[in-house]
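Presented below is the structure to which this report refers.
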Amino acid sequence: MRDIKYYKSRPKIDAHNHLNLGMRYPDFFSWSGTPIPDFPRVMDGLDEMHDVIAKYTRPRCRTAQDVADLIGMSIDAAVADGVTVIEGSIDIGFMVHFEGNVDAFLRMTEDLVKKHSEKTLIRPELGLGKTFDKDKISMWAPELMKSGVFASIDLYGPEIEDGIEEFKYIFDLADKLSLKKRAHVGEFSDARSVRRFVEYFGLDEVQHGIGAAQDDAVLQFLADRKVRCNVCPQSNVMLKSVKSLKEHPIKRMIDAGVPVTVGTDDLLFFDRSVSEQIFDLVSAGVITESDADRILDQAR
Ligand SMILES: [Zn+2]
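For the sequence shown, the working numbering begins at 67 and goes up steadily by one.
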């Protein structure tokens with residue numbers, strides 16, 4: 067049986083990493099100076115997680131340097147895990163700390179990519195929160211997307227279809243610019259919503275997508291279209307979208323032929339790296355070593 071060191075030593079991708087929350091808690095704490103009580107802990111879904119963000123992490127991020135520090139810590143944590151490709155998202159909301167200066171925001175992103183380029187390949191992703199100010203998104207997103215700095219976009223927030231038409235133009239632009247199109251769906255929502263998002267936005271990849279496992283036809287649809295799902299088992303357990311790791315549907319997705327990666331989502335909250343999660347899944351008998359190899363082979 068392979069040990070954790072084996073998985074850490076293998077090249078791997080983290081294609082689901084929100085880069086402002088991708089560091090270990092002790093590193094965050096020594097940087098922020100403010101403890102988060104009883105943390106990390108199992109939470110009651112996204113609402114409780116967002117409470118912690120609103121109370122402890124967001125208020126601590128006040129300047130452009132804070133944004134760069136947070137992302138830098140997340141990259142260091144991924145490098146320590148042996149992640150060789152980081153497709154991590156940088157939230158457009160952080161533009162407020164750059165006073166809306168697109169060039170300064172892009173410069174920070176490029177500097178971080180360059181600084182770590184010998185250790186890991188970073189493909190920055192522009193993260194778009196559904197609940198963020200839509201005027202600011204329409205003012206900043208097109209310019210940021212056209213810069214050539216970002217390789218993909220990701221839409222996240224409440225997994226409901228209400229209002230998704232307001233983001234259609236962003237995905238149409240991403241398509242024109244050949245940026246990879248991703249959205250969060252199927253974390254708490256069902257198979258039908260996964261299919262709907264993929265069709266409506268023309269998604270190349272889905273962040274989470276585990277709801278698809280409830281319907282073989284939707285799994286087949288994802289497999290036929292080669293839509294990769296960047297799954298985060300530890301996040302799903304800690305936010306109670308699945309009951310336990312043993313009951314995680316990742317194996318059903320793999321067996322249906324859906325391309326799958328394992329991502330950290332938010333290491334600060336969930337505290338299991340990519341290597342650790344793959345090791346956990348194999349150890350728990352959820353996936354086989356050859357499934358693990360297929361996941362690791364996604365690093366390219
Ligand atoms: Zn996520």
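Ideal Cβ placement from N, Cα and C applies to all residues, glycine included.
As the structure is a prediction and not an experimental result, all values here were calculated from the model.
The beta carbon of S301 sits closer than 8 angstroms to at least one heavy atom of ligand 1. By the C-beta density criterion, A120 is exposed, having fewer than 16 other C-beta atoms within 10 angstroms. Judged by beta-carbon spacing, I230 lies beyond the 9 angstroms limit of P208, meaning their Cβ atoms are not closer than that value. For G193, the enclosing beta strand (DSSP E) starts and ends at E191 to G195.
Collapsing the DSSP output to three states places H82 in a strand.
With fewer than 16 other Cβ atoms from the protein chains shown falling within 10 Å of its own Cβ, Q131 counts as exposed.
In the three-state DSSP reduction, T327 falls in the strand class (E or B). Taking one beta carbon from each stretch, the stretch 281-301 and the stretch 256-270 have 3 or more pairs nearer than 8 angstroms; the two touch. Nearest to R318 by alpha-carbon distance, out of D282, S339, S301 and S349, is D282.
Counting C-beta pairs closer than 8 angstroms gives fewer than three between the stretch 174-186 and the stretch 218-232, which falls short of the contact rule. For C298, the distance from the CB to the nearest heavy atom of ligand 1 is below 8 angstroms. Sorting M304, P299, V324 and V328 by C-alpha distance to the C-alpha of H314 places P299 at the top.
H250 has its Cβ nearer than 8 angstroms to a heavy atom of ligand 1. D331 has its Cβ nearer than 8 angstroms to a heavy atom of ligand 1.
Within the same chain, and ignoring the five residues on either side of I203 in sequence, the residues whose Cβ sits closer than 7 angstroms to its Cβ are I158 and L194.
V308 carries a coil assignment under DSSP once its states are collapsed to helix, strand and coil.
Taken in chain order, the whole beta strand (DSSP E) runs of length 3 or more contained in the stretch 204-277 are 218-222, 246-251 and 271-274. DSSP places E313 in the helix class (H, G or I) of the three-state scheme.
Apart from sequence neighbours up to five positions away, the residues of its chain that approach F171 with a beta-carbon distance below 6 angstroms are M161 and F164, ordered along the chain. In terms of CA proximity to N86, S155 leads the group E176, F345, D321 and S155.
Under the three-pair Cβ rule at 8 angstroms, the stretch 330-348 counts as touching the stretch 139-155.
A direct Cα-to-Cα measurement between I79 and P125 gives close to 30 angstroms. In the three-state DSSP reduction, E153 falls in the strand class (E or B). R294 has E271 as its beta-bridge partners, per DSSP. Judged by DSSP secondary structure, A130 falls within the alpha helix (DSSP H) whose first and last residues are A130 to A146. Of the candidates D135, R128, K212 and D201, K212 places its Cα closest to the Cα of D169. With respect to A81, E153 sits close: the two C-beta atoms are nearer than 9 angstroms.
Minimum Cα-Cα distance from I320 among the listed residues A358, G99, D256 and G138 corresponds to A358.
Counting only residues of its own chain and dropping the five nearest sequence neighbours on each side, G99 has no CB closer than 7 angstroms to any other CB. At least 9 angstroms separates the beta-carbon of T123 from that of L285. Proximity to F254 across Y73, R107, G111 and I316 peaks at G111, based on C-alpha coordinates.
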